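Residue numbers (the working numbering), protein chains in the order written: chain A, 769 to 1048; chain B, 490 to 932.
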Amino acid sequence: MNRQNFIPPQAAADLQSPSHTRLQTAKAWFFKGLWCATGLIALGLASAQTPARFADDMAERTRACTACHGEQGRAGPDGYYPRLAGKPAGYLHNQLRNFAQGRRHYDLMARMVDPLTDAYLGEMAQYFSELKLPYPAPTANNTITPERLAKGQQLVTQGDATRGLPACTQCHGVRLTGVQPNVPGLLGLPLDYLNAQLGAWQTKQRRAHAPDCMAEIVQRMPSEDLIAVSSWLARQPLPADTRPAERPPAGPALPEALRCGSAPELSATRSAPAQSGGRP
Amino acid sequence: MTNAWRKMHPVKRLGWVTLTSLLVLALGVVWDNWGDLLGPQPENTALTAPATEAQIEQGRYLALAGNCMACHTTRGGTPFAGGRRIDTPFGGVYSSNLTPDPETGLGRWTSLDFWQAMHRGRSKDGRLLAPAFPYNYTSVITRQDSDAIFAWLRTLPPVVQAQPAHNLVWPVGTQPALAVWRSLFFEPSPFQVNKAQTAEWNRGAYLVQGLGHCAACHSPRNALGASGAVSDLSGGLMPVVNWYAPDLTRDTETGLASTPLPEIVRLLRTGASNTAQTSGPMGEVVQHSLQHLNETDLQAMAVYLQSRAQSSAQPTAKTQAARISLQVATQGAKVYENQCLQCHGEQGEGVKTASGEVAYPALAGNRAVLLNDPTNLVQLVLYGGYGPATQGHPRPFGMPPAVLELDDRDIAAVLTHLRTRWGNQASEVTPLQVNRIRAAQGG
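Put into structure tokens, the structure is as follows:
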């Protein structure tokens, strides 16, 4: 059932009928509505009685994940259970390893991944990376001045050469939808989630494989810049093509101090094709 | 002398008697813990014979059987370099570095030093070790096996990583306190071959009582943290982590007596059989230790465990059908329908894959559901998760955690529901029981 296409019967009747036949039309709509409602209730009951058939597939095997991360990994109801669907497989796999190996901290996640093998975690990462789901419209509405938002945009798109800060786009792609196989997109994420991650990098609660380029970058940014960046990012709609880019944008390779252990391909020669495995 | 003693004031006399008794006791404790050092020392065989490839390989295998790595490795750290905090009711104990680094590891140790640690729970310098290192159990193994493990540890790359100081409440970690504790609860117990039993049975007993240290969890611990004898498998609540390790001698709790041997072996090797699944700490044991053991040893352990279950099988009184309030029953049924029914089925029948493997276990008649102590059920519902992914069972299905979604009343009600439906007859679970575990696990 598509909620957006549903027009309340009474409202529709009001719009279309001349006044003398309004009562009759309304009555007709009332009964049609009644039928509809009965049908829907019956449908609901039927589906409750015969649960979706068990399928021996990855959707079934990742029920423990989607309980918090939303159906098909579309993100949880609040900002703290991020979307998994469509993120690059190498990135997702690295995050699972980070929880298993203590570079990221969340007991519930550690309990989930501890009993599993690296191969199985990789299979789960691959499964979520291949799910194509539409992104929600941006919802950020925190109070921030236009000047600070502009500053955020500038940092995202151009960086700050005086502080040795590369633009976010240099690694996360010109469209900011991430780069295969290891770099995540930055759009379509709730402001709370972005702030929590940048904050966790600041306090070293979140880490990545050494050398940890994001930790280095966050250390060079004061909190107000981080908030400017997250506030701008969380206000941007997704581009038409939401897929991660196949390779990093052309340009100079990252400086030695900003090498990424989790995405070694970023420091490699730019003409090389992107790797597909995402193994560290 | 006798005259002076008679003339002494009675209180003073009592004082002397007490003091002397204490001194004798203290001497006894000292003798008990270090007395062997005065006698002739065992010959250090390994110094004269260099380790062979076969011995090293044997050592690697035995270290797996002992699951040494689980405690002697931090999360994401170098295997066997120690430093992992093990929480006990008396505070935190940190594991030691077993790699051959001379300063922070076992680099300066001999196989005799290692044997003293395994057999007597004493460090190279004579210091008594905290019994979080389960030396009750390692004292069961032979010198030959101890030497093999040591020979293998010598082949590891040395890692410089000092063992952090234990963080125990005073006086628990002090040498006098450890000495007294050991005099009360520890005695080296080398394996006794039971001639009436087969070689297979004895091999199983040796593994279960020794390196397997099964009784460390599967026997009750007393107030001073001591577990039962190495062969005590009567089950126990594991402190701190809050899991119940079932009584392996009662068929009602584990089905060991009534399950065919190949299925027991399969459970030990893969973490899942047709009738049982491992989870929590037992899942870790399967993942890090048992799945790596050879079929002969697993079979031997299964034979021994099955014989123990038969020998002490005792009929249990049928639990009286619990009187459940209508409100709890309704709430339980509602939560079951919303959260559990889709996978575990309308009749608690569970789901099997096309190839006949259990995807979601049946709840009707499930021994783990019917355990008198509902601790494990609360853990499973609160935190969900996966059983171990093993070579024989590489892609397990998982259970969603309910910790963020259901409150203590919901969880108590739904557990009561599944413990009292479809012929199940087990006691009601109270919100307090759920809360105790939720609080202990930090939410």
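Cβ coordinates follow ideal geometry from the N, Cα and C atoms, glycine included.
These numbers come from a predicted model, not from an experiment.
Inset, instruction - Could you spell out where the beta strand (DSSP E) holding MET497 of chain B opens and where it closes? - result: Segment: none, MET497 of chain B is in no beta strand (DSSP E) and carries neither H nor E.
Legend entry - Contacting residues, own chain, Cβ-Cβ under 6 Å from THR759 of chain B (five flanking each side not counted): Correct list, in chain order: THR879, GLY881, HIS882.
Legend entry - Inter-residue spacing [alpha-carbon to alpha-carbon] between TRP670 of chain B and TRP911 of chain B: Whole-angstrom Cα-Cα distance: 48 Å.
Legend entry - Classification of MET892 of chain A by the beta-carbon crowding that lies within 10 angstroms, buried from 16 upward: Its Cβ being crowded by 16 or more others within 10 Å, MET892 of chain A is buried.
Inset, instruction - Determine, using beta carbons only, whether LEU893 of chain B comes closer than 8 Å to chain A. - result: Under the Cβ distance rule, LEU893 of chain B counts among the residues neighbouring chain A, one pair being separated by less than 8 Å.
Legend entry - Any 3 or more C-beta pairs closer than 8 Å across the stretch 835-847 of chain A and the stretch 948-964 of chain A: With contact defined as three or more Cβ pairs closer than 8 Å, the stretch 835-847 of chain A and the stretch 948-964 of chain A are in contact.
Legend entry - Cutoff 8 Å: ALA983 of chain A Cβ touching any chain B Cβ: Cβ-Cβ to chain B under 8 Å: no for ALA983 of chain A.
Inset, instruction - Compute the Euclidean distance between the alpha carbons of GLN922 of chain B and GLN698 of chain B, then round it to the nearest angstrom. - result: As the crow flies, the alpha-carbon of GLN922 of chain B is around 32 Å from that of GLN698 of chain B.
Legend entry - For GLN874 of chain B, the residue or residues it bridges with in DSSP: Residue 874 of chain B is actually Gly in this sequence, not Gln. The partner list for GLY874 of chain B (beta bridge, DSSP) reads B:MET888.
Legend entry - Beta-bridge partners of ALA947 of chain A, as assigned by DSSP: The sequence as given places Val at residue 947 of chain A; Ala does not occur at that position. Paired residue(s): A:VAL951, A:ALA1013.
Inset, instruction - Tell me whether ASN865 of chain B is buried or exposed, calling it buried when 16 or more other Cβ atoms sit within 10 Å of its Cβ. - result: Of the residues assessed, ASN865 of chain B falls on the buried side of the cut-off, its CB having 16 or more other CB atoms within 10 angstroms.
Legend entry - For TYR695 of chain B, the three-state DSSP class (helix, strand or coil): Helix at TYR695 of chain B.
Inset, instruction - Determine, using beta carbons only, whether PRO889 of chain B comes closer than 8 Å to chain A. - result: Yes, because at least one Cβ of chain A sits closer than 8 Å to the Cβ of PRO889 of chain B.
Inset, instruction - Can you tell me which of A:ILE912, A:VAL947, A:ASN862, A:THR971 puts its alpha carbon nearest to the alpha carbon of TRP1000 of chain A? - result: For TRP1000 of chain A, the closest C-alpha among the options A:ILE912, A:VAL947, A:ASN862, A:THR971 is that of A:ILE912.
Inset, instruction - Check the Cβ of ARG831 of chain A against every Cβ in chain B and list those closer than 8 Å, keeping chain order. - result: Going along chain B in sequence order, the residues near ARG831 of chain A (Cβ under 8 Å) are CYS832, PHE886, GLY887, MET888, PRO889.
Inset, instruction - List the residues of chain B whose Cβ lies closer than 7 Å to the Cβ of ASP960 of chain A, in chain order. - result: Per Cβ cutoff of 7 Å: no residues; ASP960 of chain A is ~16 Å from chain B at best.
Legend entry - Residue-chain proximity (TYR875 of chain B, chain A), Cβ-Cβ < 8 Å: Yes, TYR875 of chain B lies at the interface with chain A (some Cβ there is under 8 Å from its Cβ).
Inset, instruction - With DSSP as the reference, label GLU689 of chain B as helix, strand or coil. - result: In the three-state reduction of the DSSP assignment, GLU689 of chain B falls in the helix class, which pools H, G and I.
Legend entry - Cα-Cα separation between SER1044 of chain A and GLY841 of chain A, rounded to whole angstroms: Its pLDDT being 41, under 50, SER1044 of chain A is placed unreliably in this model, and the value from its coordinates should be taken loosely. Their Cα atoms are separated by approximately 22 Å.
Inset, instruction - Assign PRO1023 of chain A to buried or exposed, taking buried as 16 or more other Cβ atoms, counted over all protein chains shown, within 10 Å of its Cβ. - result: Flag for PRO1023 of chain A reads exposed.
Legend entry - Cutoff 8 Å: GLY847 of chain A Cβ touching any chain B Cβ: For GLY847 of chain A, the answer is no, since every Cβ of chain B falls outside 8 Å of its Cβ.
Legend entry - Boundaries (first-last residue) of the beta strand (DSSP E) holding GLY725 of chain B: Element bounds for GLY725 of chain B: 725-727.
Inset, instruction - Please list the partners that GLN681 of chain B has in chain A, where partner means a Cβ-to-Cβ separation under 7 Å. - result: Simply none; closest approach about 36 Å.
Inset, instruction - Go ahead and pull the three-state DSSP assignment for GLN840 of chain A. - result: Three-state result, GLN840 of chain A: helix.
Inset, instruction - Give the straight-line distance between the Cα atoms of THR644 of chain B and PRO589 of chain B, rounded to the nearest whole angstrom. - result: Computed Cα separation, rounded: 8 Å.
Inset, instruction - Just list the beta strand (DSSP E) runs in the stretch 585-617 of chain B, keeping only unbroken ones of 3 residues or longer that don't cross its boundaries, in chain order. - result: Listed in chain order, there is nothing to give.
Inset, instruction - For my contact list, LEU587 of chain B and GLY596 of chain B are in at a C-beta cut-off of 8 Å; report their separation, rounded to the angstrom. - result: A Cβ-Cβ separation of about 11 Å leaves LEU587 of chain B out of contact with GLY596 of chain B under the 8 Å criterion.
Inset, instruction - Could you check if ASN866 of chain A is buried or exposed, using at least 16 other CB atoms within 10 Å of its CB as the buried criterion? - result: Burial is judged here by how many other beta carbons sit within 10 angstroms of a residue's own beta carbon; ASN866 of chain A has at least 16 and is buried.
Legend entry - 8 Å CB neighbourhood of ALA1025 of chain A in its chain, flanking five on each side removed: Close CB contacts of ALA1025 of chain A within its chain, under the 8 Å cut and outside five residues either way in sequence, are with GLY932, GLU984 (chain order).
Legend entry - DSSP state of VAL513 of chain B mapped onto helix, strand, coil: The answer is helix: DSSP assigns VAL513 of chain B an H, G or I state.
Inset, instruction - To the nearest angstrom, report how far apart ASN763 of chain B and VAL840 of chain B are at their CA atoms. - result: Rounded to the nearest angstrom, the two C-alpha atoms are 11 Å apart.
Legend entry - With 16 other Cβ atoms within 10 Å as the buried cut-off, status of VAL513 of chain B: Looking at its Cβ environment, which holds fewer than 16 other Cβ atoms inside 10 Å, VAL513 of chain B is exposed.
Legend entry - the stretch 750-779 of chain B: positions lying closer than 7 Å to chain A by Cβ: Near chain A, meaning a CB-to-CB distance below 7 Å, the residues of the stretch 750-779 of chain B are GLY772, GLN776.
Inset, instruction - State yes or no: is the beta carbon of LEU876 of chain A nearer than 8 Å to at least one beta carbon in chain B? - result: At least one beta carbon of chain B lies nearer than 8 Å to the beta carbon of LEU876 of chain A.
Inset, instruction - Give a yes or no on whether the minimum CB-CB distance between VAL649 of chain B and chain A is below 8 Å. - result: VAL649 of chain B has a beta carbon lying at 8 Å or more from every beta carbon in chain A.
Inset, instruction - Determine the direct distance from the alpha carbon of GLY953 of chain A to that of ALA780 of chain A, and round the result to whole angstroms. - result: For ALA780 of chain A, the predicted model reports a pLDDT of 38, less than 50, meaning its position is unreliable and no value from the coordinates is stated.
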